[in-house]
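Heads up, the thing below is written out as structure tokens.
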Amino acid sequence: MLLHHMLIASPSLIAAITRVLVLSSRLSRSLQYVLSVCDTAWCLCSPRHASYQPQREQCMPVATARLCIVVDPLILLLAEAPCTNNPPAMANSGAWACPSSLLAGATCNATCNTGYTGNPNATCSLGNWTMTGACIEAPCADPPRALNNSGAWACPSSLLAGATCNATCNTGYTGNPDAMCSLGNWTVTGACTESPCVGNPGGVAQAVNWACGTSTNAGGTCTTGCVAGFTGGATATCALGQWNVTGACTESPCVGNPGGVTQAVNWACGTSTNAGGTCTTGCVAGYTGGATATCALGQWSVTGACTESPCVGNPGGVTQAVNWACGTSTNAGGTCTTGCVAGYTGGATATCALGQW
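FYI, the numbering used here numbers position 91 of the sequence shown as 91, with every residue one higher than the one before it.
Next comes the structure, spelled out in structure tokens:
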């Protein structure tokens, strides 16, 4: 006996070969078989001599394989069964690429779907497919691309599928951005947006009634007026979480001339006098003194006054008068009298008014 070709060497196969060898030693040399293509259950027997009619003989099961057996006094041929169909579909891959003939030892390959990596293949063995490799979710090659208004991403050392990176927003921006590796790409959630401004602005002296509320979005504005005695106002614009204020409250000017000074004349203050400015006035005829006005908080503050002028010396105009005793100065409303020279009777009384007797 000659063992011409054997693809399987299992204990069960060796035992089967032994039984066939014993059987074949008893066969006549005129019974020569060549058994060819084996399907799932049968082998097609072809005669070595044309006079022999083909017939089907049942395949001999050896382990999980079905073998075609050529029984000849000199030859024992064992052929491993082929695979009948392409391998079953593999997760996350396309169709198998297989040769046209699925004989034992045939190899098929599959290409992983987008976002997956691997090198799956299948080999036909004993009528079944033995598959190696798999398509697993692809890692990310690099950290995520830079995100607007944030610092660098903080990522783990390994960027496998499911890895998560975080970023911290720049000053003036708020948010909680993160990125997750999925199918070889980064999926970014969250963003860094410009921070709102909280509460009312500060830094404007004499401002009153800011009405910005508890929070104002970036780009939002609010305005304020001024306390009494000040004019102007201010506008605040929110940018990067901070208020940018334009405008101010300045002390109000005084308009026109002061009032409240009787007998004043010739105030020369003009139409408007700035805070802290002053102007003065004299008095009408018959009055002495004057006044000074200082502008403060849009109002005039006046010092001084016009008082009725005194009369100086003694009156005149009374002929034959003698011995006026008015003194050097007599206040307004004051009086003094005089008699007459010898040979005249009567007398006179003088009253001071507006500096005149």
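Backbone N, C-alpha and C fix where the C-beta goes; we use that ideal spot for every residue, glycine too.
Top-ranked residue by Cα proximity to residue i, from the options
{"i": "residue 89", "options": "135, 82, 114 and 104", "result": "135"}
{"i": "residue 251", "options": "119, 207 and 124", "result": "207"}
{"i": "residue 240", "options": "149, 158 and 205", "result": "149"}
{"i": "residue 345", "options": "245, 283, 319 and 352", "result": "319"}
{"i": "residue 161", "options": "289, 142, 324 and 183", "result": "183"}
{"i": "residue 260", "options": "223, 306 and 181", "result": "306"}
{"i": "residue 124", "options": "256, 114 and 100", "result": "100"}
{"i": "residue 222", "options": "199, 94, 274 and 324", "result": "199"}
{"i": "residue 203", "options": "129, 283 and 244", "result": "244"}
{"i": "residue 342", "options": "330, 323 and 353", "result": "323"}
{"i": "residue 220", "options": "194, 330 and 171", "result": "194"}
{"i": "residue 227", "options": "218, 210 and 164", "result": "210"}
{"i": "residue 87", "options": "127, 152 and 354", "result": "127"}
{"i": "residue 334", "options": "316, 132 and 353", "result": "353"}
{"i": "residue 330", "options": "234, 312, 248 and 317", "result": "312"}
{"i": "residue 262", "options": "302, 272, 247 and 249", "result": "302"}
{"i": "residue 172", "options": "279, 142 and 218", "result": "218"}
{"i": "residue 102", "options": "82, 95, 332 and 270", "result": "82"}
{"i": "residue 242", "options": "174, 328 and 300", "result": "174"}
{"i": "residue 325", "options": "317, 349 and 167", "result": "349"}
{"i": "residue 275", "options": "170, 289 and 253", "result": "253"}
{"i": "residue 114", "options": "130, 95, 129 and 137", "result": "137"}
{"i": "residue 167", "options": "289, 95, 152 and 94", "result": "152"}
Neighbour-count burial assignment, residue i, 16 or more Cβ in a 10 Å radius
{"i": "residue 281", "result": "buried"}
{"i": "residue 338", "result": "buried"}
{"i": "residue 309", "result": "buried"}
{"i": "residue 116", "result": "buried"}
{"i": "residue 287", "result": "buried"}
{"i": "residue 29", "result": "Unreliable positioning characterises residue 29 in this predicted model, as indicated by a pLDDT of 32, which lies under 50. A coordinate reading is not provided."}
{"i": "residue 76", "result": "Low confidence applies here, because residue 76 scores a pLDDT of 40, under 50, leaving its location unreliable; read the following figure in that light. It counts as buried."}
{"i": "residue 147", "result": "buried"}
{"i": "residue 92", "result": "buried"}
{"i": "residue 122", "result": "buried"}
{"i": "residue 144", "result": "buried"}
{"i": "residue 224", "result": "buried"}
{"i": "residue 321", "result": "buried"}
{"i": "residue 177", "result": "buried"}
{"i": "residue 189", "result": "exposed"}
{"i": "residue 214", "result": "exposed"}
{"i": "residue 271", "result": "exposed"}
Beta strand (DSSP E) segment containing residue i, residue limits
{"i": "residue 125", "result": "121-125"}
{"i": "residue 225", "result": "221-226"}
{"i": "residue 351", "result": "348-351"}
{"i": "residue 343", "result": "Where residue 343 is concerned, there is no enclosing beta strand (DSSP E), given that its DSSP letter is neither H nor E."}
{"i": "residue 179", "result": "178-182"}
{"i": "residue 243", "result": "242-251"}
{"i": "residue 217", "result": "Per DSSP, residue 217 belongs to no beta strand (DSSP E) and is neither H nor E."}
{"i": "residue 301", "result": "299-308"}
{"i": "residue 114", "result": "Looking at the DSSP string, residue 114 is not in any beta strand (DSSP E), and its letter there is neither H nor E."}
Proximity below 7 Å, CB of residue i to CB of residue j
{"i": "residue 192", "j": "residue 216", "result": "no"}
{"i": "residue 186", "j": "residue 112", "result": "no"}
{"i": "residue 293", "j": "residue 258", "result": "yes"}
{"i": "residue 97", "j": "residue 109", "result": "yes"}
{"i": "residue 196", "j": "residue 236", "result": "no"}
{"i": "residue 265", "j": "residue 284", "result": "yes"}
{"i": "residue 336", "j": "residue 347", "result": "no"}
{"i": "residue 119", "j": "residue 133", "result": "yes"}
{"i": "residue 291", "j": "residue 277", "result": "no"}
{"i": "residue 163", "j": "residue 181", "result": "yes"}
{"i": "residue 248", "j": "residue 232", "result": "yes"}
{"i": "residue 267", "j": "residue 315", "result": "no"}
{"i": "residue 179", "j": "residue 169", "result": "no"}
Check: residue i C-beta below 6 Å from any heavy atom of the ligand HEM
{"i": "residue 207", "result": "The ligand HEM is not among the ligands present in this structure, which contains no ligands whatsoever."}
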